[in-house]
Structure formats: C-alpha cells, structure tokens
Amino acid sequence: MKNWQERAGRWGTLPVAAAVLTGTVALYIALVAFGNMTDFDTNREFVRHVMAMDTTFKDDDLMWRAVTNHTLQDIVYVAIIIWETLTALVLIAGTLLWLRGSKAHRAARRISTLGLLMLMLLFGAGFIAIGGEWFAMWQSAKWNGLQAAWRNFVLAGVVLLLIQLPGRGEKIP
10 MKNWQERAGR WGTLPVAAAV LTGTVALYIA LVAFGNMTDF DTNREFVRHV MAMDTTFKDD
70 DLMWRAVTNH TLQDIVYVAI IIWETLTALV LIAGTLLWLR GSKAHRAARR ISTLGLLMLM
130 LLFGAGFIAI GGEWFAMWQS AKWNGLQAAW RNFVLAGVVL LLIQLPGRGE KIP
C-alpha cells in the first residue's frame with residue numbers, strides 16, 4: 010500500500026500539474042494554428058470583417074478606424090497564425106522541460122511563462138483590446154470573438170498563476 014501511495018503522490022505534484030496544464034494549452038493553441046492554416050478562409054473572413062468594421066454600428070466617430078484593404082487584413086491574419094504557431098512551439102518546449110525533472114523546473118517555468126504571456130498578449134492585446142475596442146468588435150452580432158478571447162486569456166492566466174507557485178523547498182526569484 011505504501012509503495013502505491015508514494016507513486017501516486019509523485020503524480021499529484023505541482024510540476025506534474027504544470028506539465029499537464031502547459032501541455033494542454035500548448036495542444037490547444039497548436040490546434041488553433043493548424044486549423045487556421047488548413048481552413049485559412051474561415052478565420053480570414055473573421056479578421057477581414059472585424060478590421061473592416063462592416064457589421065458594427067457604423068458610427069462616423071469610429072469608422073475612420075476601419076481597415077478595408079484586403080492585403081493589409083491578410084498580413085494581419087498571417088501574423089496572427091505565425092504568432093499562434095510560435096506560441097505553441099514555446100509551450101511545447103515548456104511542457105517537455107517540465108517532464109525532464111526537477112533540474113529543469115526553473116527553465117520550464119521561464120519558458121512556460123513566456124509562452125503563456127505570448128498567448129495572453131494575443132488574446133488580451135490583440136483580440137480584446139485591438140479587436141474588441143479599437144475595431145469595435147463588441148458591436149457586431151455576427152463577428153464578435155470577445156467571449157472566446159476572454160476564455161483563452163483567463164485560461165492562460167490561471168495556468169500562469171499555477172506555474173508561478175513555488176515547488177517544495179523552492180524559492181522563486
């Protein structure tokens with residue numbers, strides 16, 4: 010019985026939780042990037058409509074912000090996909106470092122933090138602030154991704170808080 014409890018106790022540690030959660034977020038954003046690459050047109054239309062502000066209230070005081078140039082819209086969309094892909098790679102690296110053992114935990118924490126901050130920057134600054142407020146996405150009934158952006162931002166934030174907790178006998182600088 011004691012042997013089973015010891016083995017089970019190792020699975021219930023903070024580093025294991027950090028690895029699982031970092032890996033889950035890595036898988037998620039990797040699938041998002043993959044989906045955007047393999048089904049390019051669907052979310053390109055989303056980015057185009059948000060930037061064109063064509064489904065907002067069309068208030069003259071805001072419409073000067075609209076970007077209707079398809080080339081510029083597509084550049085932004087490709088940049089988003091590149092950022093998602095880089096974020097996934099960083100988070101995969103963080104997950105692998107968590108799995109390497111206690112000697113790699115400091116590096117795992119730093120790499121995972123970087124990846125999670127990249128994700129929070131994309132969804133917080135990119136979708137919530139720029140898309141939601143600058144391009145008034147909140148006004149659109151059809152092309153409004155704020156709920157999904159908030160969900161992703163909060164998910165990354167919760168995982169970030171968890172991985173910042175000190176492990177047993179560890180002091181975080």
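This note's numbering applies: residue 10 is where the sequence shown begins, and numbers increase by one. Note that the Cβ used here is the ideal one computed from N, Cα and C, for glycine as well. None of these values were measured; they are calculated from a predicted model.
In the DSSP assignment, the alpha helix (DSSP H) including residue i goes from what residue to what residue?
i	result
residue 105	79-109
residue 71	Run containing residue 71: none; DSSP gives neither H nor E here.
residue 24	23-47
residue 144	Looking at the DSSP string, residue 144 is not in any alpha helix (DSSP H), and its letter there is neither H nor E.
residue 120	114-129
residue 169	155-172
What does the alpha-carbon distance come out to for the pair residue i and residue j?
i	j	result
residue 9	residue 75	Because the chain spans 10 through 182 in this model, residue 9 falls outside it and cannot be assessed.
residue 145	residue 46	26 Å
residue 114	residue 28	10 Å
residue 82	residue 21	46 Å
residue 102	residue 68	45 Å
residue 35	residue 168	11 Å
residue 109	residue 131	28 Å
residue 117	residue 78	41 Å
residue 38	residue 149	25 Å
residue 151	residue 120	36 Å
residue 139	residue 56	12 Å
residue 26	residue 93	23 Å
residue 87	residue 50	11 Å
residue 32	residue 142	31 Å
residue 154	residue 112	40 Å
I want to know whether the stretch 56-70 touches the stretch 123-130 - three or more CB-CB distances under 8 Å.
With a cut-off of 8 Å on Cβ pairs, the stretch 56-70 is not in contact with the stretch 123-130, counting fewer than three such pairs.
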